[in-house]
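Undergrad:
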Amino acid sequence: MRSRFTMLALAGAGLVAAGLAALPQLSLPAAADAGPGFVGGPGRHGPLMMCESADARTAAILAFAKTKLAIRPEESANWDKFAAAMQASIEPVKQLCAALPRPDFEHPPKLTEQLALRDSMLAARAEELHRVRIAVDEFYPALSVDQQYIADRLLLGPGLADWAADLPVPNQPPPF
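So that you can map any letter, position 55 of the sequence shown is 54 in numbering that gives the first Met the number 0, and since no number is skipped, the others follow by simple counting.
And the structure:
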């Protein structure tokens, strides 16, 4: 008898746990998860993700790069010009963000609207990348060989950074 009571209690607890786990999903509007093209859905995926704190992210990236490159006071004029160009490079994205439609969970965007939004996003990001490339092309030659070595590895993601770690370090003899 006691084992039957234990089994019923465990089964009941399992049903309650399953019900509680489903509650957050039930409280969301049905159209809230309209897919990756939907503006401002749960979890802030999509275009609003690139809009939030764009200035702060750029400032953080610049602070990190300035520290990693060990910019000296005599290099600060060149750095300041580069940093200003980098901060200006996000203007196309900021303009797009200002024009984004607000989320409408009742009427998610049609496929054609989602594709048009993605096209606009990619065009803004491409313009941003173009501006970044111009700024880097002007800044990079002024760096020392050691700074260029570090800069060459700043954009490498996992895996590529490990590969690059095996490359020879400038101004040092080979390890053999």
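Virtual Cβ for every residue (Gly too), placed ideally from N, Cα, C.
With DSSP as the reference, label F63 as helix, strand or coil.
TA: On the sequence shown, position 64 is the one that residue 63 refers to. Helix.
Undergrad: Let me know the secondary structure DSSP gives P174 once reduced to three states.
TA: Reading the sequence shown from its first residue, position 175 is the one you call residue 174. With a pLDDT of only 48 at P174, under 50, the local geometry of the prediction cannot be trusted, and the value read off the model is given with reservation. Coil.
Undergrad: For T57, which residues of its own chain have a beta-carbon under 7 Å away from its beta-carbon, when the five flanking residues on both sides are left out?
TA: Position 58 of the sequence shown, counted from the first residue, corresponds to residue 57. Excluding positions up to five away in sequence, the list reads M85, Q86 and I89.
Undergrad: Measuring straight from C-alpha to C-alpha, what distance separates N77 and L110?
TA: Here residue 77 refers to the residue found at position 78 when the sequence shown is read from its first residue. Here residue 110 refers to the residue found at position 111 when the sequence shown is read from its first residue. The C-alpha of N77 lies about 46 Å from the C-alpha of L110.
Undergrad: When you compare the CB positions of L55 and P91, do they come within less than 9 Å of one another, or not?
TA: The count along the sequence shown starts at 1 and reaches residue 55 at position 56. The count along the sequence shown starts at 1 and reaches residue 91 at position 92. Note that residue 55 is Ala in the sequence shown, not Leu. Not a contact, by the Cβ cut-off of 9 Å.
Undergrad: Find the nearest neighbour of E73 within the set A125, H106, S143 and F104, judged by alpha-carbon distance.
TA: Within the sequence shown, residue 73 is the residue found at index 74, counting from 1. The candidate whose alpha carbon is nearest that of E73 is S143.
Undergrad: Cβ of L61 within 9 Å of Cβ of A82?
TA: As a working note, residue 61 is residue 62 in the sequence shown. As a working note, residue 82 is residue 83 in the sequence shown. Yes, the Cβ-Cβ distance between L61 and A82 is below 9 Å.
Undergrad: Which value, in whole angstroms, describes the spacing of the CA atoms of D103 and V135?
TA: If you number the sequence shown from 1, residue 103 lands on position 104. If you number the sequence shown from 1, residue 135 lands on position 136. Cα to Cα, D103 sits roughly 40 Å from V135.
Undergrad: Are the beta-carbon atoms of C50 and K93 separated by less than 9 Å?
TA: The residue you call residue 50 lines up with position 51 of the sequence shown. The residue you call residue 93 lines up with position 94 of the sequence shown. Yes, they are a contact pair.
Undergrad: Answer with buried or exposed for E105, where buried requires no fewer than 16 other C-beta atoms within 10 angstroms of its C-beta.
TA: On the sequence shown, position 106 is the one that residue 105 refers to. Exposed, because fewer than 16 other Cβ atoms sit within 10 Å of the Cβ of E105.
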